[in-house]
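The numbering of the sequence shown is the numbering used here, which starts it at 52 and goes up by one. Heads up, the beta-carbon is just placed ideally off N, CA and C, and yes, glycines get one too.
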Amino acid sequence: LQMELHHEVYCRRLEWHPFFQHYSEYNAPAMRAICHKAIGELALVAGQAVFNNGHLADSVFFVTDGIQHYYYFTNTEEQVCAMEFDDDGPRAKVVTAGTWACEAVL
């Protein structure tokens, strides 16, 4: 019963991401297990860091309410798809409800 409840609560949010949308279509039992065992909620206050530069990312974050400012700093000229760059260097990318950050851990 608890597994079904977690599936109802989390599956729609996960399906915002194309990978999980397809995975849910092709393997519904595994998607229920993911929703039950691998998903959690994290409430943050303004200015609180979710992860820091130099730390290995081990989670994907789906923004369900509010906004997240995502900064990425690097010592190279490499541009990261989640960032916006201008003449002054990197600036924050705004991650809004219905989107995600840190999908590289997938």
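Legend entry - Inter-residue spacing [alpha-carbon to alpha-carbon] between A94 and Y77: So the two alpha carbons sit approximately 31 Å from each other.
Inset, instruction - Would you mind working out which of I90, D109, A148 and W67 sits nearest G117, comparing C-alpha positions? - result: G117 has its Cα closest to that of A148, out of I90, D109, A148 and W67.
Inset, instruction - Figure out for me which residue from H73, Y74 and A84 has the closest Cα to the Cα of V60. - result: Taking only the C-alpha atoms, the option nearest V60 is A84.
Legend entry - For I118: DSSP bridge partner residues: DSSP output for I118 lists T147 as bridge partner(s).
Legend entry - Per-residue burial, M82 [other beta carbons within 10 Å of its own, 16 or more giving buried]: Of the other Cβ atoms in all chains shown, 16 or more fall within 10 Å of the Cβ of M82; this residue is therefore buried.
Inset, instruction - Mind reading off the beta-carbon distance from H57 to H106? Whole number of angstroms is fine, and I expect it under 8 Å. - result: About 27 Å separates the two Cβ atoms, so there is no contact after all.
Legend entry - Length of the line joining the Cα atoms of E55 and Q99: Whole-angstrom Cα-Cα distance: 32 Å.
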